[in-house]
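Chains as they are written, first to last, in our numbering: chain D, 1 to 339; chain B, 340 to 678; chain P, 679 to 1017; chain W, 1018 to 1356. Where a beta carbon is used, it is the ideal one built from N, C-alpha and C, also for glycine. See below for the structure under consideration.
Written out as structure tokens, the structure is:
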């Protein structure tokens, strides 16, 4: 950690800063420049409170050179994380494809979709039973009933399942029926919920918040991991920017930034990122080309009637075509795609 | 609602769209232009699912001309909302000043601050007992212990109190000790939590999410109100933009946009918006000048030692100066400032 | 065009709006809803001034359903544009690779780079002679001297050349030496400069402004085209967002949005978009995978010594590897890559 | 300047970095931490090229602790800048109000507006003769004819005048007719144009670019000043963010950030910032309350007929009311408002 002192800080101010740090058992290196003095801090910074330092009348800026997340940090865990979800593996050798409807709407509908995405090559079935919707008057999901349908679909097709959870209550229900939990973008910094899934016996897919920096995102993963759950995958789903021609702006470079800082697998969701059906295939190819560990794709048997997020769902034919066209890109990435 | 059909949509497509809408009991007006056909929809649109419409192969764009929030909507409730919190009033005739530490740290410290802000003219005492922190390793708040200190401080000074809640569990505890609940920016779309505070017997301050549009924000208020709680105030606390010279970008025009669309009172928080102590006073004056119903200001007896968000807290002297300088602006706004 | 009237507009207001439009020779369709009245406008809207309409006391919103750009519009020119630059072709069958240093620094240096990128498979040589730099004290380019070196490099290697122009004066010089002109992000809405290159006898690469919407970008292309120059390629180079872990946020979905709205070719610049050398190859693969017509890549013989934008330049070895790894992706895209 | 070396950099790497800096005549201070080594650089950094440093294989981050702008920097020029424009003063004791139409449309119209704004208390007359418009088919201004009308209006009313310039050619014409030049948001980084107005014999109002950081903005001012023109005022006119309920997001905190870093006066333009007539007055009050040196306000005799930017123009009555309501705020700010 580097402290840049305010211009004109006198010897007494420098001594005050140094003393405050050293009394926590850390060491300092003072460099006096012609314009500013900087204080390098060496030792276990977890004992320091950065905000307290920032409030010092002598300190202008506090520059962190180490990240606040540890368990999610590649530096302390250089090997890429890989874990099994039911029969399938998420991690560096496999290309995971999670497909299915935005919301679970009926048992028969879900089964039809599950069979189709399995047939086309998906490795997991996605489907929402608890839907966070902007308006309280929109369809909010079938809740536990929807979870049961996911279980049935999994039993019939063998696909592992994933479902978003939005409360401690939903976590409690979901662990009985599905194979992986999802934290949605709106709850990425719902820290109480992160702690709940951190205690759950299932892997977690953590979506990026709409305006979350990568550092905040990895700290959110750290919340889950620090409760004892090491099986986290991250999901890039677009960020909110000034550009409105797509629903969000898919930040594919984030995949590369993440691969530098963390060992956790990274999934890309082109359906939510763009909200445009025709963009899902080309951005799926792009995501695989730049190193994603998997894709999350919305598929619906009748997109016109989907109760939620219809415009971005692929038809079965479009999903089959996507999977077919993806095959050589998966091969080029040195991965396999297997349930 | 206006549906813009895709270019080249034939008569059969137009009929399909019209039939789908009319079967829900709504009326349509078709306008065929030289380039596009538009379908105006008249009637109770709450029966329509916009996403389903967007998924139609004939519809290019769905333009809403009415808002999805009703209870928060000025159109259906033109009078400005006003409500009492303990002895003080939030609403159009009063200028509310909520002041206090970011986090409650000790009973004695909180009492000292409470006395000082009361003396300087604050109408409410703020203080966090449940702190949503980016890193799991940062100070997370004193929880129920902190709530008790708030109650003690309220009993001693007569100030009404407000505290952020981050879970159903925290709501349950807080209602026993404080006078108003706060939903923080990170939880603005934690819909389960919104429903919880919607059932609570206390007014709620709803902070704007970091990347929330005003429409999403008012829909979040609608979640709370639709559970039966009409006493909501909104708090602008800065949005996340490309500009990093302040922590967030304070969007004062949002106060004016809100005043056009909703009857709910609007509070401005310049402390969190900027993260810079020296900017709190001038932006407080500006907020009052452009019509805010109140301010939320961080004050600390020893900002250098604050366990959370130190750099933006005012000292007692700075807060007194702010209140003194605010007085003529409050007078110009035609309000009073009274506990 | 659709006009949404203000709530409560009376018959007299509707008549006023209708009369104002019809006197310009356009037709109207009025739809009276229970909540709002809408007026559809049919005919040649170029006679209307949208801002004037917006200023009417009766009009709430003006919704454009047609774009203001015509020459750049795919609707009126469905075939993809293709044009030759010296020996090479930019357009749908070819994958253009423009490579070279950010700034031209010396004749010998440029020749060394030109030979290396030619050898590795680049189809064009890029190099800046007029550098728009944030600070007036940074290196601003060799100007005409740099243009001469580009001409020499082109003569020796046969590569077509491209150079940014920043003023009418630079355009005048550049047309004597290079094969294609570039408008940089900071000048995307420098309309006087757009008109200048619109009169120039060379194709133009138009980079996207840092905060430009796609609609503004295509209108900027329209400025050039309306002066008579039809040979425009667009270059996505990242937009400015809240995320700072890369210099800009590469918006690959923009390639797809552009392909829907325009016939002009689209180039992607992963070097400027990210500012990170290691991200250039994977994002180049991704850009080709999602349909870009070409790439612009910074390459330098000694990145450590580059006078401008060093951190993002590839070494010769990295560029060769990028080109080698790109080959199967180019093949999958159904294009060829040829000088 | 502080260089943070990459983790694991060996002695030989540290020596390489130190040697490269010391050979430019600068001094270094090396601090070896347990995790990283940092190198403080002392001396005249203008000899160093930051990009070249960033390209070193041993350097992870380069942290500037000094700004690249000098002439605009408050550190080297602590007194607030003040300068005369015709009879009026821009600077700390005066509250400047520049008012008038977005575009000059006719001589008679401009005279009518000039008389009205003078009567209401404006100190300067604004009006565009060269309009940068998104579409090439929109009204582009009367050019030199418009400048003449401004001169006539100035002669009749005594008001100083300001007009945007968009090219070297426009600068040449404008200096013959008006009293102050304006650089618009789209040209904030049109460095060639900045150099032109830097050589002009008139003061310059430099608007903030739509996505410009404050540092970039001050560097743009530096471009003008480094050509010899010290009379610059900065104009905050809103930045582009995700929020679309106003045209831009007015960043009033930018006024405060600027006041910390520069001695140049700061003007606020609430008309362009919001694009909403009803928000102009309250945000004008807010701007004055938080320390702005002046306002730029659009006023039109018949906003419905304005050829450009109608929706945000005030009527004469609205402008008079704004000026009347502003008076006590100006008094509170300790300024006078005088032509």
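List the residues of chain B whose Cβ lies closer than 9 Å to the Cβ of residue i, in chain order.
i, result
"residue 1042/P", "It is not possible to answer for residue 1042/P, since the shown part of chain P is limited to 679 through 1017."
For residue i and residue j, I'd like the C-alpha separation in whole angstroms.
i, j, result
"residue 238/D", "residue 1287/W", "32 Å"
"residue 555/B", "residue 135/D", "8 Å"
"residue 147/D", "residue 160/D", "13 Å"
"residue 255/D", "residue 210/D", "16 Å"
"residue 832/P", "residue 761/P", "19 Å"
"residue 130/D", "residue 568/B", "23 Å"
"residue 1282/W", "residue 1216/W", "20 Å"
"residue 891/P", "residue 244/D", "8 Å"
"residue 406/D", "residue 928/P", "The structure shown does not extend to residue 406/D, since chain D spans only 1 to 339, so no value can be given for it."
"residue 1134/W", "residue 612/B", "35 Å"
"residue 1299/W", "residue 1143/W", "21 Å"
"residue 353/B", "residue 370/B", "11 Å"
"residue 389/B", "residue 340/B", "10 Å"
Run the proximity test for residue i: is its beta-carbon closer than 7 Å to any non-hydrogen atom belonging to the ligand SAH?
i, result
"residue 363/B", "Looking for the ligand SAH in the displayed structure turns up nothing, as the structure carries no ligands at all."
Find the nearest neighbour of residue i within the set the options, judged by alpha-carbon distance.
i, options, result
"residue 488/B", "627/B, 479/B, 448/B and 375/B", "448/B"
"residue 937/P", "740/P, 752/P and 833/P", "752/P"
"residue 1347/W", "1083/W, 1029/W and 1112/W", "1112/W"
"residue 585/B", "398/B, 436/B, 619/B and 460/B", "619/B"
"residue 843/P", "835/P, 859/P, 702/P and 834/P", "859/P"
"residue 1157/W", "1189/W, 1138/W and 1120/W", "1120/W"
"residue 531/B", "272/D, 132/D and 292/D", "132/D"
"residue 185/D", "207/D, 282/D and 174/D", "207/D"
"residue 171/D", "218/D, 151/D and 201/D", "201/D"
"residue 822/P", "816/P, 815/P, 841/P and 708/P", "841/P"
"residue 634/B", "666/B, 650/B and 641/B", "666/B"
"residue 399/B", "319/D, 300/D and 276/D", "276/D"
Could you tell me whether the Cβ atoms of residue i and residue j are closer together than 8 Å?
i, j, result
"residue 1301/W", "residue 1315/W", "no"
"residue 846/P", "residue 872/P", "no"
"residue 1038/W", "residue 1053/W", "no"
"residue 919/P", "residue 241/D", "yes"
"residue 904/P", "residue 749/P", "yes"
"residue 563/B", "residue 596/B", "no"
"residue 43/D", "residue 26/D", "yes"
"residue 1253/W", "residue 1086/W", "no"
"residue 356/B", "residue 344/B", "yes"
"residue 436/B", "residue 676/B", "yes"
"residue 203/D", "residue 173/D", "no"
"residue 607/B", "residue 628/B", "no"
"residue 989/P", "residue 1071/W", "yes"
Check the Cβ of residue i against every Cβ in chain D and list those closer than 7 Å, keeping chain order.
i, result
"residue 935/P", "245 and 246"
"residue 1048/W", "29, 31 and 40"
"residue 1019/W", "2 and 38"
Counting only Cβ pairs nearer than 7 Å, list the residues of chain B close to residue i.
i, result
"residue 210/D", "550"
Starting from the beta carbon of residue i, find every residue of chain B whose beta carbon is closer than 8 Å, and list them in chain order.
i, result
"residue 1300/W", "591, 592, 595 and 629"
What residues from chain P crowd round residue i, counting only those whose CB sits closer than 7 Å?
i, result
"residue 279/D", "931 and 934"
Please list, in chain order, the chain W residues whose beta carbon lies closer than 8 Å to that of residue i.
i, result
"residue 810/P", "1206 and 1208"
Inset, instruction - Could you run through the region 519 to 537 of chain B and flag, in chain order, every residue whose CB is less than 7 Å away from some CB of chain D? - result: 525, 526, 528, 529, 530 and 531
Legend entry - Where the region 1114 to 1126 of chain W meets chain P: residues whose CB sits under 7 Å from a CB there: none
Legend entry - Interfacial residues, the region 49 to 69 of chain D to chain W, with Cβ spacing under 9 Å: 60, 61, 63, 65 and 66
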